[in-house]
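First the structure, in the form of structure tokens, and then the observations on it.
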Amino acid sequence: MKKDENPYHILVVEDNLGDYVLLEEYLSEYLLNLDIIHAENYQTASKILAEKEQAIDLVFLDLSLPDKSGEELVVDITKIAIGVPIVVLTGFSDLEFGSRSLALGASDYLVKDDLSPAVLYKSLIYNIQRLNFIAELKESKRKYSDLFQLNPSPIIVYDQKSLKIIDVNEAASSKYGYSREEFLEMDLLDIRPKSEERVLLDSVKDFWVMNSNNYQRVTKHLKKNGEILDVEISPAKVKINNKDAGLVLINDITEKLRYVRKIEEQNETFREIAWIQSHVVRAPLARMMGLVNLIESQEEELNEELKELVEYIKISARELDGIIRDISQKSEGISKNS
Amino acid sequence: MDQDLIIVDDDGILLVILQKMFEKVNPELKIGTFLKGEEALMYILESNFPKPPFLMVDLFLQDISGWEILEKLDEDGRFESKVVLITSSVESGNSAQSSRFKCVSGYYEKPITLEKIRIIDQMIIGNRN
Chain A
2 MKKDENPYHI LVVEDNLGDY VLLEEYLSEY LLNLDIIHAE NYQTASKILA EKEQAIDLVF
62 LDLSLPDKSG EELVVDITKI AIGVPIVVLT GFSDLEFGSR SLALGASDYL VKDDLSPAVL
122 YKSLIYNIQR LNFIAELKES KRKYSDLFQL NPSPIIVYDQ KSLKIIDVNE AASSKYGYSR
182 EEFLEMDLLD IRPKSEERVL LDSVKDFWVM NSNNYQRVTK HLKKNGEILD VEISPAKVKI
242 NNKDAGLVLI NDITEKLRYV RKIEEQNETF REIAWIQSHV VRAPLARMMG LVNLIESQEE
302 ELNEELKELV EYIKISAREL DGIIRDISQK SEGISKNS
Chain B
9 MDQDLIIVDD DGILLVILQK MFEKVNPELK IGTFLKGEEA LMYILESNFP KPPFLMVDLF
69 LQDISGWEIL EKLDEDGRFE SKVVLITSSV ESGNSAQSSR FKCVSGYYEK PITLEKIRII
129 DQMIIGNRN
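Those sequence lines, one after another, are chains A and B.
Letter by letter, the first sequence follows residues 2 to 339 in the numbering used here.
Letter by letter, the second sequence follows residues 9 to 137 in the numbering used here.
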């Protein structure tokens, strides 16, 4: 038979030397790179676990040690051996307790009289694998929970039927001013201004009959302090405890809208300036040009010097006219683009 | 008084300049002037001209928009092709917009020069005969 070549670090907590030797023998039959540590009592075991927490892959634990035993022993060991599977070894006499130890945090239990190399090996592999799997599951659950809890955008989850809020993330609490507990007593209508109620009910209805996932709305939300937010909401359909729920991602666009309004106001001013350029500034200039035109028409009354001066006035006026036309054209372009 | 031409412009000096120009080009022309659009419009709409005069209207007056005057004149019906618009604006698009009115027969950007006055005079004479 081919031995398992993976390295294993096993802690055996057993005060009976005979039992320990047997255990070691059995384990060696299947495992080539076995590092086995022996502790004869709880005191030693807890020290080893505290020091080598990461290095130990599995603990075999005898239920009756000189310094601690039974329920207390299992509870205390599982407290120290975080992330390490614990397999409890029992005799026939406390078989019943074996199954109870699982509820206390042990991964498995074996009856000493039934031990064999195959049973031990199977239990070892199974419990190590299972713990890894549970750890992965926990990690992935934590990641998703972080995605939700630590998301910088407020997220509100509501029950489709009652519209009751069933979950919120931290960003939602800090944006709206309600604690998580307060939120869980509220429904969607509570975060809308009264005037928006109809709109909300309609848009929730729309969203749930729609098949597309691409649903976005701009609407108004109400904070605890009465302030109104302009928000862009992106809801998604999810199942929570097998019930339909809406997960709503909220993007506060109050500032953005304020900014847009400010730009619009500035554009309005720009349009006014453009109008002034185009009409008001040019009026006196056009008048002057008309006057020059009149003066020129009385040529016979002008001497050469005056004629020259009038010519210069004309050139200057034309130049100014050119400049005003340029400005007008540019500002017209701006007001058209806006 | 039976005018050949009524000029409406809120620029008093320009009214003087235009009158002088017409005097040069055609001293026999009888000209009435208005600084205020409302007054001008009331006079024009309420007068019983044996022969409706030619009109020269500034597009942007202080009290009333030139567009409004054009609308009323179109409603009145007596001034088809009898209005010349003048404006200090260099905004594009005004000219095209003005051509929608039946009463408009010309659009001139200021400055109004003697050359333009001569053309307008010809239109006035055409209107009189």
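Ideal Cβ positions, reconstructed from N, Cα and C, are used throughout, including at glycine.
The structure displayed is predicted, hence computed values, not measured ones.
DSSP, read as helix, strand or coil, puts Arg218/A in strand.
Taking 8 Å as the upper bound for CB-CB distance, Lys113/A and Asp20/A are in contact here, some 7 Å apart.
No Cβ of chain A is located within less than 7 Å of the beta carbon of Ser113/B. Contact annotation, Val89/A with Leu64/A: C-beta distance approximately 6 Å; criterion of less than 8 Å satisfied. A Cβ of chain A is located within less than 7 Å of the beta carbon of Ile120/B.
Contact between Val91/B and Leu81/B is confirmed by a C-beta separation of about 6 Å, below the 8 Å threshold. Rounded to whole angstroms, Asn243/A and Gln130/A show a C-alpha spacing of 29 Å. Identification of residues in the segment 325-336 of chain A having a C-beta nearer than 9 Å to some C-beta of chain B yields Ile325, Arg326, Ser329, Gln330, Glu333, given in sequence order. In this structure, the beta-carbon distance from Leu189/A to Tyr159/A falls below 7 Å. Listed by position along chain B, the residues whose Cβ is nearer than 7 Å to that of Asn294/A are Pro119, Thr121, Leu122. Counting every other CB atom within 10 Å of its CB across the protein chains shown gives Ile39/B a total of 16 or more, marking it as buried.
At a cut-off of 7 Å, the C-beta of Arg288/A has a neighbouring C-beta in chain B. Among the CB atoms of chain B, one or more fall inside 7 Å of the CB of Gly291/A. Taking a Cβ-Cβ cut-off of 7 Å, Val16/B has no neighbours in chain A, whose nearest Cβ is about 15 Å from it.
Residue pairing by DSSP places Lys244/A opposite Ile241/A in a beta bridge. Thr270/A counts as exposed, since fewer than 16 other beta carbons sit within 10 angstroms of its beta carbon. Ranked by Cα distance from Phe208/A, the first of Gln161/A, Arg181/A, Asn42/A, Leu223/A is Gln161/A.
Contact check between the segment 299-319 of chain A and the segment 254-265 of chain A: fewer than three CB pairs, one atom from each, fall below 8 Å, which does not count as touching. With respect to Leu53/B, Asp84/B sits close: the two C-beta atoms are nearer than 7 Å. Residue burial annotation: Phe62/B is buried, with at least 16 other C-beta atoms found within 10 angstroms of its C-beta. As for any beta strand (DSSP E) of minimum length 3 sitting wholly inside the segment 2-68 of chain A, the runs are 5-14, 32-40, 59-63, ordered along the chain. Assigned with DSSP and collapsed to three states, Tyr179/A falls in coil, not helix or strand. With a cutoff of 7 Å on beta-carbon distance, Ala287/A and Pro119/B are scored as near each other. Counting only runs of 4+ residues, the alpha helix (DSSP H) found wholly inside the segment 265-303 of chain A occupies 283-298, in chain order. Taken through DSSP and simplified to helix, strand or coil, Thr121/B comes out as coil. DSSP places Leu90/A in the strand class (E or B) of the three-state scheme. Annotation for Ser317/A: no residue places its beta carbon closer than 7 Å to its own, counting only its chain and skipping 5 residues before and after.
Using beta-carbon distances, Arg319/A does not count as an interface residue toward chain B, since no partner is under 7 Å.
For Leu22/B, at least one C-beta of chain A is nearer than 7 Å to its own C-beta.
Pairwise C-beta distances place the segment 70-77 of chain A in contact with the segment 96-108 of chain A, as three or more of them are shorter than 8 Å. A distance below 7 Å separates the beta carbons of Lys4/A and Leu33/A. The Cβ-Cβ distance between Ile325/A and Val281/A does not fall below 7 Å. Of the residues Asp115/A, Glu186/A, Gly71/A, Lys240/A, the one whose Cα lies closest to the Cα of Lys165/A is Glu186/A. If you compare the alpha carbons of Ser103/B, Ile132/B, Asp10/B, Glu123/B with that of Asn56/B, the shortest gap goes to Asp10/B. Straight through space, the alpha carbons of Ser29/A and Pro8/A are spaced by roughly 12 Å. For Ser279/A, the C-beta contacts it makes with chain B under 7 Å involve Ser97, Val98, Glu99, in order along the chain.
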